[in-house]
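Notes follow the structure.
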Amino acid sequence: MAEPMFKGLTPGHAQGYLLGGCLSLLSSILGTSFCPDFRGAVLFFEDVGEEPYRIDQYLAHLKNAGVLEHVVGIISGKFKDCEPKNDSPSLSLEETLKDYFIPLNKPTIQNFDYGHGDIKYTLPLGIKVGMDSSLDKIELLEAAVAD
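Given below as structure tokens:
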């Protein structure tokens, strides 16, 4: 049986506009004039080449800035080459993500293929989206391009 393209982490349904990108870059714009308003957004993110402790730092920054509080749902992409690099004790990437998103109790989908991975599905910024993490479903609710 083929592994599903993505899977729900915390159950629920949400509608909002898509906003996100590379996690390290999202973290770096917090507090600047380039930072968008995350209220009502479905946040999506992924990264490449970052160890779990760095992912933890980026997520802590988003949490402390109120981003995770204001979003209505979360789509976590596939993280490429984001394992611990040495034998130091470390949470796994999956444990790190669960530590942040299970307590939030917001619809969360993980392992979505976009970004730095081999498969790159398009997530158009600002488009209204519906998601149901109980059904492993993401649906664009408006056109991504004009006629």
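Per my numbering, residue 535 is the first one in the sequence shown, and the count goes up by one each step.
By construction, the Cβ of each residue, glycine as well, lies at the ideal position given by its N, Cα and C atoms.
Close-in-space but distant-in-sequence residues of the same chain around residue i (CB under 8 Å, 5 per side omitted)
{"i": "residue 558", "result": "581, 584, 588 and 592"}
{"i": "residue 550", "result": "574, 575, 576, 605, 606, 607, 662 and 663"}
Whole-number beta carbon distance between residue j and residue i, since they are thought to touch under 8 Å
{"i": "residue 648", "j": "residue 611", "result": "5 Å"}
{"i": "residue 671", "j": "residue 548", "result": "Not really, about 11 Å apart at Cβ, beyond 8 Å."}
{"i": "residue 667", "j": "residue 642", "result": "6 Å"}
Of the residues the options, the one placed nearest residue i, counting alpha carbons only
{"i": "residue 660", "options": "554, 542, 544 and 546", "result": "554"}
{"i": "residue 597", "options": "621, 654, 676 and 633", "result": "633"}
{"i": "residue 564", "options": "615, 650, 546 and 595", "result": "595"}
{"i": "residue 613", "options": "568, 628 and 619", "result": "628"}
{"i": "residue 675", "options": "665, 568 and 637", "result": "665"}
{"i": "residue 673", "options": "655, 590 and 579", "result": "655"}
Cβ neighbours of residue i in the same chain (closer than 7 Å, five flanking residues each side left out)
{"i": "residue 658", "result": "552 and 678"}
Contacting residues, own chain, Cβ-Cβ under 6 Å from residue i (five flanking each side not counted)
{"i": "residue 616", "result": "584 and 627"}
{"i": "residue 653", "result": "647"}
I'd like the ranges of any alpha helix (DSSP H) spanning at least 4 consecutive residues and lying wholly in the stretch 570-609. 586-598 and 601-604
Scan the stretch 618-667 and note each continuous beta strand (DSSP E) run of 3 residues or more that stays entirely inside, going in chain order. 642-646 and 662-666
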